[in-house]
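Novice:
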Amino acid sequence: MKKIAILGSTGSIGTSTLSVVHSRPGDFRVIGLSAYRNMRLLARQIKLFRPKLVSVKDEPAIRKLEKLADLSGVKVYTQDQGLAAIAAHAEVQTLVVATSGIISLRPTLSAIERGKTIALANKEPLVMAGEIVMAAVKRCGARMIPVDSEHSAIFQCLHKEEHRALSRIYLTGSGGPFRDFPKDRLNRVTPEMALRHPKWKMGKKITIDSATLMNKGLELIEACRLFGVGPERIEVVIHPEAIIHSMVEFCDRSVLAQLGIPDMRVPIQYALDYPYRRDNAVKSPDFFRIKALRFFKPDNERFPCLNIARQAARAGGTSPGVMNAVNEVAVEAFLDGRIGFNDIPAVIRRVMKKHACITHPTLEQIFSVDEWARKEARLLCYQQ
Ligand SMILES: NC(=O)c1ccc[n+]([C@@H]2O[C@H](COP(=O)([O-])OP(=O)(O)OC[C@H]3O[C@@H](n4cnc5c(N)ncnc54)[C@H](OP(=O)(O)O)[C@@H]3O)[C@@H](O)[C@H]2O)c1
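All residue numbers for the sequence shown refer to the working numbering, where the first residue is 2 and numbers rise by one.
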């Protein structure tokens, strides 16, 4: 029985992870769960999985949880200590990191330092501090298994292959809901329109990122860090059917791809069971119904976020972190109706222009630059 903990158990990835766990009685024991605001869902998860420790936003959240759940035998923490306590708990073998944002960077590092396996869905730790995180994985003999479907696909294609034989990565993406919109129509896109993703059901922030293609940009940086390749060796391919989750080309021009219907339970389960594969209830792709798989080049003019991310990946250091921080603020401002869809890349560009990149930053520098970037972005989004 594998002992696991989930940071962000009430989110889209967190609930899918628990659905995999629930479908496999006897295979997993849930030691820790963290939520932020959703106490109703956390209460149901506590009833079903009886974790030893849970983490919530603050004291009022604890009081709410006490009314909703039987907490006997469950140690309840507030966020400031809870995430770290779960990540470092001696019994946890695999830590699923499924929070959004940067809150899990330190707890993830602490689990890595204890040699645990990290099933990483949360892109931000690698985007902000990829060098530090991957160096710690190497130093501490920990294992980092990507949960993002594209990175899981690449990881699966590279399994047991010689790393030096890797020549190129094809990172696929569906193109989002506005793939065919002309630029002027993109100006009139509303948050409701952007939240309707054609292929994947996900949290709000990542759904907007998918519409701007910033999600592909963040994934590009994530892939550079995870697989130790430069951005020039990663080709982004728009593949509307979302059946190929990514591909890898080797030096003999042989290309391996991982395929399947879009269902996050597959990469989550792969990360939980690695290096084994187990049966599940996910449907097979019906190739006779799918009929055709299409591939397009991304349109960098209509969707500039991808190129911004490429430049940030090239610059390295604190640049990807600044891009990520400004993007988070801009997406929030777009959802609040404060800025338009096309303003998101414009705001990111303006703050990045002002930033003096630190090449090999410490964690403290990364966090302080993150704070600076958010402040600058808020000024642009909210005080005009
Ligand atoms: N969804 C996908 O299919 C998908 C695919 C690939 C990668 N990812 C990545 O996985 C991560 C999670 O995505 P998601 O779609 O599952 O997000 P989500 O649905 O928004 O869930 C986020 C989770 O984090 C918690 N959370 C939010 N703010 C927090 C804070 N300040 N401190 C602590 N916990 C906080 C939420 O708690 P409450 O709900 O209780 O407030 C929730 O449990 C993201 O980095 C995303 O880019 C997601």
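Using N, Cα and C, we set each Cβ at its ideal position, and we do this for glycine too.
#1: Could you tell me whether the Cβ of ILE32 comes closer than 9 Å to any Cβ of chain D?
#2: Looking only at C-alpha atoms, which of MET215, LEU364, LEU380 and GLY177 sits nearest to GLU108?
#3: Got a sec, what are the start and stop residues for the beta strand (DSSP E) SER168 sits in?
#4: The alpha helix (DSSP H) that contains GLN80, what's its start and end?
#5: Count the C-beta pairs between the stretch 169-178 and the stretch 210-220 that are closer than 8 Å, then say yes if the count reaches three, no if not.
#6: If contacts are defined as beta-carbon pairs under 8 Å, then MET40 and VAL57 qualify, I think. What distance do you get, rounded to the angstrom?
#7: Would you list the one or two residues that DSSP bridges to SER247?
#8: In angstroms, rounded to a whole number, what distance separates the CA positions of ALA99 and PHE29?
#9: Any heavy atom of ligand 1 closer than 8 Å to the CB of ARG390?
#10: Over the uninterrupted alpha helix (DSSP H) stretch that includes ARG186, give me the two end residues.
#11: Between the C-alpha atoms of ALA326 and GLU372, what's the straight-line distance to the nearest angstrom?
#12: Which residue from ILE103, TYR37 and VAL256 puts its Cα closest to that of ALA166?
#13: Quick check on the burial criterion: 16 or more other C-beta atoms within 10 angstroms. Buried or exposed for LEU49?
#14: Counting pairs of Cβ atoms below 8 Å between the stretch 118-129 and the stretch 63-75, do you hit three or more?
#15: From what residue to what residue does the alpha helix (DSSP H) around ALA70 run?
#16: Under 8 Å by Cβ, that's how I've got ILE309 and GLY218 pegged, so tell me the actual separation to the nearest angstrom.
#17: Measuring CB to CB, does ILE239 end up less than 9 Å from PHE297?
#18: Put MET265 into one of helix, strand or coil per three-state DSSP.
#19: For the stretch 120-172, list the beta strand (DSSP E) runs that are entirely contained and at least 3 residues long, ordered along the chain.
#20: Which residue's Cα is closest to the Cα of ALA70: THR173, PRO268, MET353 and PRO52?
#21: Considering only residues of the same chain and omitting the five flanking positions on each side of GLN366, which have a CB-CB separation below 6 Å?
#22: Exposed or buried, what is THR191 when buried is set at 16 or more other beta-carbons lying within 10 Å of its beta-carbon?
#23: Have a look at HIS1 and GLN82 and give me their C-alpha separation to the nearest angstrom.
#24: Within the present structure, is the beta-carbon of GLU125 separated from the nearest heavy atom of ligand 1 by less than 8 Å?
#25: Identify, in the order they occur along the chain, each residue of the same chain with its Cβ nearer than 8 Å to the Cβ of ILE113, setting aside the five sequence neighbours on each side.
Specialist: Concretely, from the data shown:
#1: Given the protein chain composition of this structure (a single chain), no chain D is represented.
#2: Translated into the one-based positions of the sequence shown, residue 108 becomes position 107. Looking at the sequence itself, residue 108 is Pro, so the reference to Glu does not match. Checking every option, the nearest Cα to that of PRO108 belongs to LEU364.
#3: Here residue 168 refers to the residue found at position 167 of the sequence shown. Element bounds for SER168: 167-174.
#4: Position 79 of the sequence shown holds residue 80. 80-89 is the span of the alpha helix (DSSP H), which, as asked, contains GLN80.
#5: Yes: at least three Cβ pairs fall under 8 Å.
#6: Position 39 of the sequence shown holds residue 40. Position 56 of the sequence shown holds residue 57. About 7 Å separates the CB atoms of MET40 and VAL57; that is less than 8 Å, so the two are in contact.
#7: Numbered from 1 along the sequence shown, position 246 holds the residue referred to as residue 247. Answer is GLN259.
#8: Position 98 of the sequence shown, counted from the first residue, corresponds to residue 99. Position 28 of the sequence shown, counted from the first residue, corresponds to residue 29. ALA99 and PHE29: Cα-Cα distance of roughly 17 Å.
#9: For the chain, the structure presents residues 2 to 385; residue 390 sits outside this window and is missing.
#10: On the sequence shown, position 185 is the one that residue 186 refers to. ARG186 -> alpha helix (DSSP H) spans 184-187.
#11: As a first step, residue 326 is located in the sequence shown; it is residue number 325 there, counting from the start. As a first step, residue 372 is located in the sequence shown; it is residue number 371 there, counting from the start. The straight-line gap from Cα to Cα measures roughly 8 Å.
#12: The residue given as residue 166 occupies position 165 in the sequence shown. It is VAL256 whose Cα lies nearest to the Cα of ALA166.
#13: Here residue 49 refers to the residue found at position 48 of the sequence shown. Residue burial is scored here from C-beta neighbours: LEU49 has fewer than 16 other C-beta atoms within 10 angstroms and is therefore classed as exposed.
#14: no
#15: Translated into positions along the sequence shown, residue 70 becomes position 69. Premise fails: ALA70 is in no alpha helix (DSSP H) and is neither H nor E.
#16: The count along the sequence shown starts at 1 and reaches residue 309 at position 308. The count along the sequence shown starts at 1 and reaches residue 218 at position 217. The Cβ separation is near 6 Å, so the contact holds.
#17: Here the question's residue 239 lines up with position 238 in the sequence shown. Here the question's residue 297 lines up with position 296 in the sequence shown. Result yes, Cβ atoms of ILE239 and PHE297 sit closer than 9 Å.
#18: Here residue 265 corresponds to residue number 264 of the sequence shown, with the count starting at 1. Coil at MET265, not helix or strand.
#19: Runs of the beta strand (DSSP E) lying entirely within the stretch 120-172 and spanning at least 3 residues, in chain order: 144-147.
#20: Taking the first residue of the sequence shown as position 1, residue 70 is located at position 69. Nearest option by C-alpha distance: PRO52.
#21: Counted from its first residue, the sequence shown places residue 366 at position 365. Only ILE359 meet the Cβ criterion.
#22: Sequence index remark: in the sequence shown, residue 191 carries index 190 (1-based). Per the 10 Å Cβ criterion, exposed.
#23: Residue 1 lies beyond the stretch modelled for the chain, which goes from 2 to 385, so this question has no answer here.
#24: The residue you call residue 125 lines up with position 124 of the sequence shown. Answer for GLU125: yes, Cβ within range of ligand 1.
#25: Position 112 of the sequence shown, counted from the start, is the residue given in the question as residue 113. Excluding positions up to five away in sequence, the list reads ILE119, VAL134, ALA137, VAL138, CYS141, ALA143 and MET145.
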